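**Q** Below is one structure. I have some questions about it.
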Amino acid sequence: MIKVGVDVGSTHTDAVALAEGELLASVKVRTTPDPTAGIQEAIGKLSSRIENRDEVGALMLGTTHGLNAILQAKGLARTAILRIGLPAGEGIPPLTEWPARLTDHVISAKMVRGGHEYTGEEIVPLDEGAIVKFADDIVGKVDGVAITSIFSTVNPAHELRAAQILNERGVRAHLTLSHMVGGLGLIERENSTILNEMVSPVFKRLVSRLKELMRSLGMNHAKLFIAQNDGTLASGEFTMEYPIFTVAGPVSNSIRGAHLLTGIDNAVVMDVGGTTTNVGVLHNGYPRESSAPVEIGGIRTNFRMPDIHALALGGGTIINESIGPESVGYELTSKGVGWGGTVLTASDVAMGVKGIKIGDADISKILLRYPSSYLRGIYDRMISMWEEALDLMKISREDVQVIAVGGGSIMLPPELRGASKIVRPDNAQFANAIGATLNKVGATVEKTFSYSATSRELAINSTVNEAKEMAVKAGGDPSTLDIREIEEVPIPYLPGDSVKLTVKVVGNLRI
Amino acid sequence: MENFSIGEREVELLALGAAFLGTGGGGDPLVGKLMLRRYMEGKGSIEIVDGSSGKDEFVLGSAMMGAPIVMIEKVPGGGEAVKALKVYSQIAGRKVDFITPLEIGGINSIIPLIVSIQTGIPVLDGDGMGRAFPELQMTTFYADGIPVSPVVVFDERGNVSVVQGVDGYWSEKIARVITVRYGGSAYIALHGMELSEYSRSAVLGSLSTAIQVGERLASKNIDSLRDLLHCVHLFKGKVIEVYRRVERGFSKGYVVLEGADQWKGKTMRVDFQNEFLIAKEGDKIVATVPDLISFVDAYTLTPVTTDRVRYGQRLVVLGTPSHPKLRSTEMLKYVSPRAFGYDVNFTPLGAS
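Heads up: the sequence lines are chains A and B, in that order.
Here the first sequence stands for residues 0 to 510, numbered as in numbering that gives the first Met the number 0.
Here the second sequence stands for residues 0 to 351, numbered as in numbering that gives the first Met the number 0.
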């Protein structure tokens with residue numbers, strides 16, 4: 000079976016075709032303002048180099064569509080918002096501190112009585128009459144409705160009943176219920192639920208266009224998968240329902256790629272690109288996640304994203320008094336000294352010192368203009384920057400393996416302080432697109448329990464089952480699903496061994 | 000000290016400073032900040048009043064009680080703390096002239112400001128801890144004989160309970176049970192007192208100090224922070240172990256750090272119970288509660304709370320001498336390491 004991987008980066012869109020791990024073909028094109036055009040171009044070019052397109056079993060994509068749509072507020076759904084929880088929650092109504100470019104797409108935002116306590120009891124009974132009125136107000140006027148109820152991750156009953164009422168009143172819009180988006184923290188979960196509804200049409204269009212493209216190229220047996228925030232993949236159908244899980248999808252592609260290219264499970268990954276070196280951690284085969292809250296386009300959400308340290312040092316980084324942070328970006332091959340230009344870049348320095356050649360550059364042009372001692376001095380400072388970034392991301396005092404990937408990884412020195420060795424896999428420049436083909440699916444569920452009311456075993460089992468159901472929905476093969484992480488965080492100031500329980504399951508995709 | 004007023008920028012700095020003085024407790028201030036900013040819209044600023052003199056005026060404490068994690072999900076209706084204050088005022092038969100925070104740290108440095116912007120009642124520049132502690136009896140007010148009770152406990156539905164405990168411990172215990180029955184979070188009004196008593200008992204100036212701490216952290220100026228608080232640079236290093244468990248409703252545990260720079264080759268263990276309580280370098284105790292033990296990110300100087308500490312973080316541990324009032328014999332009964340169940344005496348910073 001052949002797998003096609005696509006990665007949408009800030010400057011380039013890469014596509015690769017792999018057969019049983021062997022790289023068959025690769026393509027690099029410029030990322031287009033609407034990334035779909037670049038993706039279509041890359042897949043089109045790639046497919047002309049694949050003979051048996053019938054054997055393509057999966058098209059796997061890491062894309063910035065969700066992020067772009069939120070940042071540019073383009074192509075978004077006309078959205079209605081229902082918050083269930085009054086008399087609680089009124090202190091911070093829905094959309095508090097949202098930018099106008101996004102709230103312009105909101106047709107109605109309403110708070111009604113209802114919601115639950117952390118124990119699963121009702122705060123007050125659900126105000127069904129108010130939901131009927133809300134439904135009648137929005138019917139026929141909206142594309143989607145985001146429904147969020149207090150503690151719905153503990154008890155989703157009011158969200159489910161609200162969806163039923165909307166349906167009974169003839170609201171035919173797409174619905175997102177916040178307990179499916181998950182996570183504790185009302186404001187963050189509600190924000191994510193609303194964003195999910197807003198970007199939903201963008202993904203409907205993307206998925207249908209990609210399916211069309213696959214058909215027209217003769218990839219008749221290919222299934223579509225899209226990279227998720229946590230370093231796993233999900234089916235095109237699942238992504239249409241929960242597109243918000245893909246917003247940081249491409250960020251972890253390089254880490255997954257480093258894992259696929261080397262088979263190494265634990266290492267620091269240094270992805271040297273045109274503008275930055277992204278340093279991430281490969282932990283038991285997955286990207287390590289950051290514990291910090293994540294903002295998307297200025298809106299606080301509850302997603303956990305890969306823990307990436309972005310150092311402003313890449314191939315196109317401009318050298319003058321200081322090293323960066325500006326970069327010539329994709330103009331490296333016209334502006335760089337080695338290519339006959341006038342801007343001294345990090346690539347020029349590395350070539351001059353290491354005696355290596357990048358692309359069609361001419362090293363003598365660099366050495367003619369700059370004394371080697373000067374270049375050496377700059378390069379030593381670059382090494383210190385990389386070493387500091389490595390030290391920041393390492394997780395133990397022992398030296399760690401470093402996997403170097405990305406188009407600029409050739410600039411890295413043979414040794415770094417803190418690195419036991421630097422592994423440089425073949426095809427490192429395509430690590431991101433290759434990373435998109437990692438055959439993993441996953442799901443995370445977060446809930447609160449009181450272990451004196453629910454036994455720990457029952458709590459964990461039911462949460463694991465819920466996560467597994469979610470992973471199957473995302474396209475997972477049930478027989479391969481395994482628990483990757485169980486985290487129990489005690490909740491202070493509550494009685495009866497109260498905990499926040501987070502379960503993550505992973506497995507393989509059904510392809 | 001003098002009166003001043005604070006706007007949005009100071010609120011941001013206050014939250015940052017309070018996170019530092021909260022010594023790892025208090026949770027995420029997001030909910031409090033969003034609420035406060037919303038109520039401040041169009042109303043301008045909040046008046047902060049010097050509480051060091053005065054007599055025939057009435058002061059009331061305002062706070063949130065319960066689990067911060069519940070509050071981030073069951074977000075307040077917004078009027079609970081104000082209603083609690085009104086009920087207290089009725090019961091006591093007194094008009095409330097000033098509001099005071101009970102503690103400086105996390106959400107409870109913000110709640111009194113929310114009440115103030117809604118009612119127009121000014122906030123006093125002071126509190127009863129000069130930092131954060133987990134229980135009601137752990138205040139300078141209580142140590143000075145000012146009763147905790149009555150405690151008015153209010154929830155978003157409008158349920159009101161008035162607790163009249165025989166002492167601070169009973170008020171704490173009963174109010175805690177009510178809070179749990181309300182769903183894990185409640186809004187309280189308590190510690191009514193005359194301004195003359197307040198002037199004598201409070202840790203004065205702590206709100207303005209918190210704002211200044213926030214300013215220095217935001218400008219990443221650790222030296223000026225040291226000048227301000229006379230704090231001691233206890234350690235710098237990387238987290239190599241975090242252990243947590245729940246005991247009697249408290250998140251207990253410890254963090255072990257491995258040294259960097261001048262502490263290379265050394266380790267530090269810091270025990271916590273919601274807040275950081277005891278710091279040991281090797282076998283030697285270098286700081287204990289009630290002195291303040293704060294963790295900040297080594298690069299950004301962002302304060303790190305006990306629930307956010309994780310393996311691999313690079314942190315600086317700073318020790319700040321507590322206010323002399325917290326070191327009094329009477330106060331140490333409530334806030335020394337022994338009050339938290341450790342078989343350790345209070346070791347004042349700088350004494351060893």
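We put the CB at the ideal spot given by N, CA and C, even for glycine.
Quick caveat: nothing in here was measured; it's all calculated off a predicted structure.
Would you say E189/A faces chain B, with C-beta separation under 7 Å as the test?
**A** no
**Q** Can you pull the DSSP bridge partners for H115/A?
**A** E121/A
**Q** Among L81/A, L493/A, M218/A, E187/A, which residue has its Cα nearest to the Cα of P133/B?
**A** L493/A
**Q** At least one CB of chain B closer than 7 Å to the CB of T95/A: is that the case?
**A** yes
**Q** Determine which residues of the segment 487-500 of chain A have a Cβ less than 8 Å from any Cβ of chain B, and write them out in chain order.
**A** V488, P489, I490, P491, Y492, L493, P494, D496, S497, V498, K499
**Q** Rounded to whole angstroms, what is the Cα-Cα separation between G385/A and I490/A?
**A** Correcting the residue type first, residue 385/A is Trp in the shown sequence and not Gly. Those two C-alpha atoms are separated by around 39 Å.
**Q** Give me the Cβ distance between A36/A and V5/A, rounded to the nearest whole Å; I'm assuming they're in contact under 8 Å.
**A** Contact flag wrong, Cβ pair sits at about 13 Å.
**Q** Go ahead and pull the three-state DSSP assignment for A62/B.
**A** strand
**Q** Taking S200/B as the reference, give the member of Y181/B, F153/B, L123/B, V150/B with the closest Cα.
**A** Considering only alpha carbons, the answer is L123/B.
**Q** Between A458/A and chain B, is any beta-carbon pair separated by less than 7 Å?
**A** no
**Q** Please check if any C-beta of chain B sits within less than 7 Å of the C-beta of H89/A.
**A** Strictly speaking, residue 89/A in this sequence is Glu, with His absent from that position. With 7 Å as the cut-off, E89/A counts as an interface residue toward chain B.
**Q** Which first and last residues belong to the alpha helix (DSSP H) in which P34/A is found?
**A** 34-46
**Q** Please confirm whether Y117/A has its beta-carbon closer than 7 Å to some beta-carbon of chain B.
**A** yes
**Q** For A217/B, which residues from the same chain have a beta carbon less than 7 Å from its beta carbon, with the 5 sequence-adjacent residues on both sides left out?
**A** L12, L15
**Q** Answer yes or no: do H115/A and N154/A have a C-beta to C-beta separation smaller than 7 Å?
**A** In this structure, N154/A lies closer than 7 Å to H115/A by Cβ.
**Q** May I ask you to report which of helix, strand or coil DSSP gives G258/B?
**A** strand
**Q** Considering only their Cβ atoms, is the gap separating G506/A from G475/A smaller than 7 Å?
**A** One thing to note: G475/A has its Cβ within 7 Å of the Cβ of G506/A.
**Q** In three-state terms, what does DSSP make of H220/A?
**A** coil
**Q** Is it true that the CB of A161/A sits closer than 7 Å to the CB of I186/A?
**A** No, Cβ-Cβ distance for I186/A and A161/A is not below 7 Å.
**Q** Just reading off the beta strand (DSSP E) that R29/A is part of, what are its end residues?
**A** 21-29
**Q** Just curious, the beta strand (DSSP E) that N426/A is in, first and last residue?
**A** It is not in any beta strand (DSSP E) - N426/A carries neither H nor E in the DSSP assignment.
**Q** Out of R225/B, E257/B, I210/B, which one is the CA nearest neighbour of I109/B?
**A** I210/B
**Q** Nearest-angstrom Cα distance between T326/A and D425/A?
**A** It is worth fixing the name first, because residue 326/A is Ser in this sequence and not Thr. Each residue's Cα considered, the two are about 26 Å apart.
**Q** Out of curiosity, what's the CA-to-CA distance linking L224/B and R215/B?
**A** 6 Å
**Q** Short check: CB of N431/A to CB of S289/A, under 7 Å?
**A** no
**Q** Closest to I295/A by CA distance: which of M269/A, A403/A, R188/A, G217/A is it?
**A** R188/A
**Q** Taking the DSSP output, what are the residues bridged to F271/B?
**A** G252/B, F275/B
**Q** Just to confirm, is the Cβ distance from K279/B to D260/B under 7 Å?
**A** If you check the CB distance, K279/B and D260/B do not come in under 7 Å.
**Q** Under a CB-based cut-off of 7 Å, is P75/B close to chain A?
**A** Proximity of P75/B to chain A, defined by a Cβ-Cβ separation below 7 Å, is satisfied.
**Q** Does DSSP put R287/A in a helix, in a strand, or in coil?
**A** coil
**Q** Hey, how far is the Cα of P98/A from the Cα of E456/A?
**A** If you take the alpha carbons of P98/A and E456/A, they lie about 44 Å apart.
**Q** Residues of chain B with a CB under 8 Å from the CB of R299/A: which are they?
**A** L29
**Q** Which same chain residues, not among the five before or five after E171/B, have their C-beta less than 8 Å away from its C-beta?
**A** Once the five neighbours on either side are set aside, the close Cβ partners of E171/B are E134, L135, Q136, V147, G164.
**Q** Applying the criterion that 16 or more other CB atoms from any shown protein chain within 10 Å of the CB defines a buried residue, is G349/B buried or exposed?
**A** exposed
**Q** Apart from the five residues just before and just after G527/A, which ones in its own chain have a Cβ nearer than 6 Å to its Cβ?
**A** No statement about residue 527/A is possible, as the shown extent of chain A runs from 0 to 510 and does not include it.
**Q** Step through the CB atoms of chain B and report whether any lies within less than 7 Å of the CB of P86/A.
**A** yes
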